[in-house]
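Each number in the working numbering corresponds to the 1-based position in the sequence shown with 190 added. Before any comments, here is the structure.
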Amino acid sequence: MTENFPASSPAPADRDDHRVPPPRFAYDVHTWKEIAHLLANLPLSLLGFVYVATALFTSAFLTVTVIGFPLLAAALMGARQLGKLERARARKLLGVRVDEPSPLSLRGGGGFLPRLWMMLKDPVGWRTILYDFMRLPWGILTFVITLTSLFVLWPVLPFIARGLANADRAMVRGLLSPSDELERRIAELESDRGVVVDTAAADLRRIERDLHDGAQARLVNLAMGLGLAKEKLLEGQADELVAAMVEEAHGEVKLALQELRDLARGIHPAVLTDRGLDAALSAVASRCTVPVKVTVDLESRPAEAIEGIAYFTVSELLQNVSKHSGATSASVDVWRTEERLLIQVGDNGRGGARLDGGTGMRGLAERLDAVDGLFVIESPQGGPTLVTAELPWRDRQPRRA
């Protein structure tokens, strides 16, 4: 059966499949960015080549004088700025995300010669000079091919531009990126050093505050009370009054001793030093308001620093369980996997724990990160909560006599 359609009615969709699609421009914004990058290669590579050739020739010629090496060091610092420009251009036009290299630490001590040597052996500057030196023939080639293709081979220019741009991306990643693992480790260690310093300063302030507001105040009251009791005895007053003052002073002594014990336990508990993580964590769990099951599966003890961080991590997490979780039970598991010490603290509370929740989680994560550790929180709303901490394992060294 044949269907007839009025001339004014549109034909079915399947009949449109045989029509030629309307002409359209096949160049998208990414292609135009790549073309712009390739066309800009010639002037920028010419600028870089002239800078490098002039700097190296002048520095080499003047090395027989006292200004040759300082001039070469200054040229390397300038090459760093050229590299920064090229990374920004690649990021804008090619979408290449390359981290900025770490700046040279020239503010420290050591004098002029050590800082000059640091600039002269800068791998970032030398790789940028190599990049600029080899870019001139490449810049001429890409400029000529792109400009010619834009007028003669424009139907296939997107494919040509993509291939040439990929070669540019490889050059930027290979020569203008930081020094791989070394640069990354330097940046991490600089950040971790700041965290360690800040944490140590915060701990010192806490100890000073606890001593000033706690034990020190009680000892002052004790001295005053004993002084008054001494005066009463010298004046020959009733024994009952002096006995009451001595009894009060005795109570102050006991409270001061307890506060000093708590403070010492907060710095480094004796049970951790004497008996290890199993006994120390069991002691912490016994002070928790929630029943806690502790399982420690370690054949040997880790280094003292790692053991201390593990102890304080569990202690802080169990304090959060007591104060914020609303849980009825909790668990602590500690074990070793190859060269890592793993800690898991879980509870069946209300959940919702976050690093930015104001419960000290952020500080714990920073402490663990400072020693190449990991800190992961799984705490959906409604619970349960599972916190996993991972520390590098280092064998315990025997104590020196």
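Quick reminder that beta carbons are idealized off the backbone N, C-alpha and C, glycines included.
Here T518 carries a coil assignment [DSSP, helix/strand/coil]. Inclusion of G550 and E506 in the CB contact set at 7 Å is warranted, their separation being smaller than that value. The DSSP-derived three-state label of I567 is strand.
Under DSSP, Q534 takes part in a beta bridge, and its partners are D523 and T578.
Excluding the 5 residues flanking it on each side, S367 has same chain C-beta neighbours closer than 6 Å at V288, in chain order.
Rounded to the nearest whole angstrom, the CA to CA distance from A269 to D322 is 9 Å. Ranked by Cα distance from L228, the options F341, P291 and I350 are led by I350. In this structure, V286 lies away from V334, with their beta-carbon atoms at least 7 Å apart. Bridge pairing for K483: S521 [DSSP]. Around L272, the same chain offers G238, Y241, T318 and D322 as residues with beta carbons nearer than 7 Å, after the five sequence neighbours per side are excluded.
Comparing C-alpha distances from F302 to each of F259, S235 and T485 shows the shortest one belongs to F259. Straight through space, the alpha carbons of D312 and L554 are spaced by roughly 36 Å.
In this structure, P291 keeps its C-beta atom at 7 Å or more from the C-beta atom of V254. Our two residues, G329 and A263, have alpha carbons roughly 26 Å apart in a direct line. According to the DSSP assignment, K274 belongs to the alpha helix (DSSP H) that extends over G258 to L283. Spanning the alpha carbons of A579 and A460 requires a straight line of approximately 23 Å. Ranked by Cα distance from P327, the options L340, R305, K483 and D358 are led by D358.
Burial is judged here by how many other beta carbons sit within 10 angstroms of a residue's own beta carbon; G516 has fewer than 16 and is exposed.
For the set V535, D562, G572 and T527, the Cα lying nearest the Cα of G541 is the one of G572. Taking the Cα of E529 as reference, the smallest distance to any Cα among D546, I496 and N510 is reached at I496. The beta-carbon separation of G536 and S512, rounded to 14 Å, does not stay under the 8 Å limit for a contact. Listed in chain order, the non-local C-beta contacts of L347 below 7 Å within the same chain comprise S339 and L340, local neighbours out to five positions each way being set aside. The beta carbon of T479 lies closer than 6 Å to those of S512 in the same chain, with the five residues before and after it left out.
Annotated three-state conformation of P304 is helix, per DSSP. In the three-state scheme derived from DSSP, where H, G and I count as helix and E and B as strand, D585 is classed as strand.
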